[in-house]
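Asks: Here the working numbering is used: the first residue of the sequence shown is -10, the next is one more, and so on. Even glycine gets a Cβ: it sits at the ideal position worked out from N, Cα and C.
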Amino acid sequence: MGRIRILPDQVANKIAAGEVVERPASVVKELLENSLDAGARDLRIEVESGGRRLIRITDDGSGMLRDDALLAFERHATSKLRDVKDLLSISTLGFRGEALPSIASVSRLMLETRSAEETTGTRIEIAGGKMLRCEEAALGGGTSITVRDLFYNVPARKKFLRTEQTELAHIASLATHYSLAHPDKTFRLISNSSELLDVTPVASTRERVYQVFGSQVLDELVDLGQREKELPAAPNAAPGRGAFAEEEEAPTQPFRLTGFISRPQVQKSNRNSIYFFVNGRLIRDRLLLHALSASYHNLMPSASYPFALLFLECDAREVDVNVHPSKTEVRFRHGSFVHDFVRDGIRERLIESRPAPSFSMGHGREISGRPAPGSEPQPGAALPYSEFSGMIENEMPAAESLIAEQTLAGAADSGALPAFTLRPTAPPDARFDFSAPPIEVMPGPPPSGKLSRRLDRHGEFPADAIPAPEMSLSVLSDLRPLGQIHESFIIAAGRDGLWIIDQHVAHERILFEQVIKQRAAGRVEMQRLLMPLIVQLTPEQQIDYARIADELHASGFETEPFGNRTIAIKAAPAAIGPADLEKILFEILEIAESELRGASLDDLRRDICASIACRAAIKINMRLDAAKMDWLLKALAATDCPMSCPHGRPIAMHYSTREILKAFHRI
Ligand code: ADP
Ligand code: MG
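#1: What are the boundary residues of the alpha helix (DSSP H) that Gly472 is part of?
#2: Give a single yes or no on whether Glu125 has its beta carbon closer than 7 Å to a heavy atom of the ligand MG.
#3: Could you tell me which residues DSSP puts in a beta bridge with Gln530?
#4: Under the assumption that Arg97 contacts Arg137 (Cβ atoms under 8 Å), give the Cβ distance between them as a whole number of angstroms.
#5: Whole angstroms is fine: what's the gap from Thr241's alpha carbon to Arg322's?
#6: According to DSSP, is Ile(-5) part of a helix, a strand, or is it coil?
#7: Check the DSSP bridge columns for Ser180 and list the partner residues they point to.
#8: Would you give the residue range spanned by the beta strand (DSSP E) that Ser133 belongs to?
#9: Can you list the residues near the ligand MG, meaning Cβ strictly closer than 5 Å to any non-hydrogen atom, in the order they appear in the chain?
#10: In the DSSP output, which residue or residues are listed as bridge partners for Val600?
#11: Which two residues bound the contiguous alpha helix (DSSP H) that contains Ala652?
#12: Can you tell me which of Ser282, Phe202, Asn268, Phe296 puts its alpha carbon nearest to the alpha carbon of Asp304?
#13: So for Ile250, helix, strand or coil by DSSP?
#14: Does any heavy atom of the ligand ADP sit closer than 7 Å to the C-beta of Ala66?
#15: In whole angstroms, what separates the C-alpha of Val73 from that of Arg306?
#16: Which complete beta strand (DSSP E) runs does the segment 296 to 330 hold, if anything under 3 residues is left out?
#17: Inspect the CB distances between the segment 632 to 644 and the segment 284 to 297 and report whether three or more fall short of 8 Å.
#18: Does Glu8 come out as helix, strand or coil in the three-state DSSP assignment?
#19: Using the rule of at least 16 other Cβ atoms within 10 Å of the residue's Cβ for burial, across every protein chain shown, is Asp56 buried or exposed?
#20: Verify whether the separation of the beta carbon atoms of Leu593 and Glu540 is less than 8 Å.
#21: At what residues does the beta strand (DSSP E) containing Asp212 begin and finish?
#22: Tell me, please, whether the segment 592 to 612 touches the segment 490 to 504 by the rule of three or more beta-carbon pairs shorter than 8 Å.
#23: Quick check on DSSP: helix, strand or coil for Phe149?
#24: Which residues mark the beginning and the end of the beta strand (DSSP E) in which Met520 is found?
#25: Look at the alpha carbon of Phe244 and the alpha carbon of Phe501, and state the distance between them as a whole number of angstroms.
#26: Is any heavy atom in the ligand ADP found nearer than 7 Å to the beta carbon of Arg85?
#27: For the alpha helix (DSSP H) containing Ile505, list its first residue and its last residue.
#28: Please report the residue range of the alpha helix (DSSP H) in which Phe478 lies.
#29: Taking its Cβ as the centre, do 16 or more other Cβ atoms sit within 10 Å of Gln215, making it buried, or is it exposed?
#30: Taking contact to mean at least 3 C-beta pairs separated by less than 8 Å, is the segment 28 to 38 in contact with the segment 172 to 187?
#31: Decide if the segment 158 to 177 is in contact with the segment 136 to 150; the criterion is three or more beta carbon pairs, one per stretch, under 8 Å apart.
#32: Kindly indicate which three-state DSSP category Gly369 falls into: helix, strand or coil?
#33: Using C-beta distances below 6 Å, list every residue in its chain close to Lys3, excluding the 5 sequence neighbours before and after it, in chain order.
#34: Considering only C-alpha positions, which residue in the set Gly130, Ala126, Met120 is nearest to Gly52?
#35: Considering only residues of the same chain and omitting the five flanking positions on each side of Leu411, which have a CB-CB separation below 6 Å?
#36: I'd like the span of the beta strand (DSSP E) that includes Phe667, first residue to last.
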């Protein structure tokens, strides 16, 4: 007699539950998705003890017919797929028919539902996968599913649950983010009878972001608007067919990206604030994560992450969601197209909006998720949904295959470095020299646009006289430098208030974009050394050197091996002083060591350029005259990304007229 047997359904369901139901938040996710698929407009989530004791989701969706309600607990029972062809274009959130039987096998579950087509509803009770009761009941329309004592019959899984607070945090974050994806619906989350989230329908995602996070957070975000792109036509395809083989149909809709991203100054230490929705489904995806990081590359320090709420819509056939039982992963049919579309869309928007940090928002500030005073607090919003955060550090996809050559549109043009390029005299991170005069004011006429003209007869500012704050760095070219603080920061007056610019990082950004451009054009300015500089390398450095020798050459270093573990530098980028050469070479080898492990060649190139720019830029504790300051501000205004230096530090801070007036209690 054979030894293989088919497992009973009850066992199979419990096995499936192992993958589908990882924790209380996974139950909430499956039930919410079912409600959304059922067309619900009002979704209410109640939990007790972080979802361990009770999870109840009530919706006003289509409800289920009595026969369907019974069938729903069979394995692979679904109303969302008919045949295998449907799998190729899934437009519902569910499709596997696994969630209800899985959840019912590891909890005590009660389903109450009524379809509009029937006059009475159905109540079904199941415990540990066994049907206890099925009866008619007088119920309103829609569905309510109550899940009690999750994992009561799976002690091993129960042990792995975290504290109630942590589990609640996962649920709250999940509910918050689903509410962001569906601004036209009501979402309520109640935990032990206190309300954590309560949002009513609004017309746009922007308004929903405001409802959930408050106006202060909204101000710190950049709205992506709507970015669209069609798949390019394949070279040999018939006209209008796109990149598709003969038997395939071209997608009927373009790829569309909307959502919100944070300004580069908002830096988070993990990926918990990154949310991707693909066709309305919350997913984690390495390709999209990589695209997001790539768009912030050289705008943000490498170990920091932005806040991102991104919605990608595309033809359902372009994305395979049947990758993992929990449906949190997807595979794109045209992955590298999607990657570049998302990366370029975000980067272009960041460049367009040139967001500047204001004084109320210092460097490294995190979006707290706490709304501004006066707006409705939503404590749940601050909580991480870290089911999506146990993510894959250092496991980015092989980037070369994903990333095409990056071209910076409209980079600052001149090839030559400015006339006053100064040789570095101190390492870039030197401390401030406080012996310098604290403030040096340039002589000249006072900034124009006097507020005094607008005072009303009480000497107050009429509300309409106060300019709307200009958060964008596009105003930089209009700034008038007033002087320096500690010979390190330029103070400038603008149309809307006061600006402080870090002279070193500003110049670094200008040079960085020049060097990148020169590199792309293959004409990096080099300077031959009178005597070759001989540098001794460690064995590791020797290996890294061999790997990136071509890159070094393309960046303006002419080097050659010179005996055992020794190289000779014969020429170097013109902007770098000979005293710095050895240091910068070691710095680049160090970048190569860490970059080559995970990042793309493109990132390595950009980091080499950043290193060169940093060494060549004017330093802090350096006196600048008015003409130089003026040049610096104008050149900065002409860069693509005047908001942060290539290492991600902010360049300019803005104190708006409104903030100044507020500080003096004039408004
Ligand atoms: P799937 O969502 O993959 O189809 P589920 O096990 O989650 O599988 O649900 C099984 C079926 O039960 C669904 O296909 C749907 O027809 C029905 N169903 C589940 N939840 C609801 C609900 N809230 N409202 C209406 N129908 C539902
Ligand atoms: Mg489902």
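Replies: By the coordinates alone:
#1: Element bounds for Gly472: not the alpha helix (DSSP H) but the beta strand (DSSP E), 469 to 474.
#2: No, the ligand MG has no heavy atom inside 7 Å of this Cβ.
#3: According to DSSP, which records beta bridges pairwise, Gln530 is partnered with nothing at all.
#4: 4 Å between Cβ atoms; contact.
#5: Rounded to whole angstroms, the gap between the alpha carbons of Thr241 and Arg322 is 15 Å.
#6: When DSSP states are grouped into helix, strand and coil, Ile(-5) belongs to the coil group.
#7: Looking at the DSSP assignment, Ser180 forms a beta bridge with Val36, Ser183.
#8: Where Ser133 is concerned, the enclosing beta strand (DSSP E) starts and stops at 131 to 137.
#9: Spelled out in chain order, the answer is Asn23, Gly83, Ala88.
#10: Rather than Val, the amino acid found at residue 600 in this sequence is Ser. Answer is none; Ser600 lacks a bridge partner.
#11: Its alpha helix (DSSP H) spans residues 646 to 652.
#12: Of Ser282, Phe202, Asn268, Phe296, the residue nearest in Cα terms is Asn268.
#13: It is a strand residue.
#14: Checking every heavy atom of the ligand ADP against the Cβ of Ala66, one is found closer than 7 Å.
#15: Rounded to whole angstroms, the gap between the alpha carbons of Val73 and Arg306 is 13 Å.
#16: As summarised for the segment 296 to 330, the continuous beta strand (DSSP E) elements at least 3 residues long and confined to that stretch are 297 to 302, given in chain order.
#17: Below 8 Å, enough C-beta pairs join the segment 632 to 644 and the segment 284 to 297 to call them touching: three or more.
#18: Helix.
#19: By the 10 Å Cβ count, Asp56 comes out exposed.
#20: With respect to Glu540, Leu593 sits close: the two C-beta atoms are nearer than 8 Å.
#21: 210 to 212 is the extent of the beta strand (DSSP E) around Asp212.
#22: They touch, by the three-pair rule.
#23: DSSP, reduced to helix, strand and coil, places Phe149 within a helical segment of the structure shown.
#24: Unbroken beta strand (DSSP E) run through Met520: 515 to 525.
#25: Straight-line Cα distance between these residues: approximately 32 Å.
#26: Yes, the Cβ of Arg85 comes within 7 Å of a heavy atom of the ligand ADP.
#27: It spans 492 to 509 - the alpha helix (DSSP H) in which Ile505 sits, taken as one unbroken run.
#28: It is not in any alpha helix (DSSP H) - Phe478 instead sits in the beta strand (DSSP E) that spans 478 to 483.
#29: Gln215 is exposed by the Cβ-count criterion.
#30: Contact holds: three or more Cβ-Cβ distances are below 8 Å.
#31: With a cut-off of 8 Å, the segment 136 to 150 and the segment 158 to 177 do not count as touching, because too few Cβ pairs lie within range.
#32: Any reading at Gly369 must be qualified, since the residue scores a pLDDT of 37, below 50, and its modelled position is unreliable; no value is offered.
#33: Closer than 6 Å at the Cβ level, and outside the excluded window around Lys3, lie Ser94.
#34: Closest in alpha carbon position to Gly52, among Gly130, Ala126, Met120, is Gly130.
#35: For Leu411, the predicted model reports a pLDDT of 26, less than 50, meaning its position is unreliable and no value from the coordinates is stated.
#36: Because the chain spans -10 through 656 in this model, residue 667 falls outside it and cannot be assessed.
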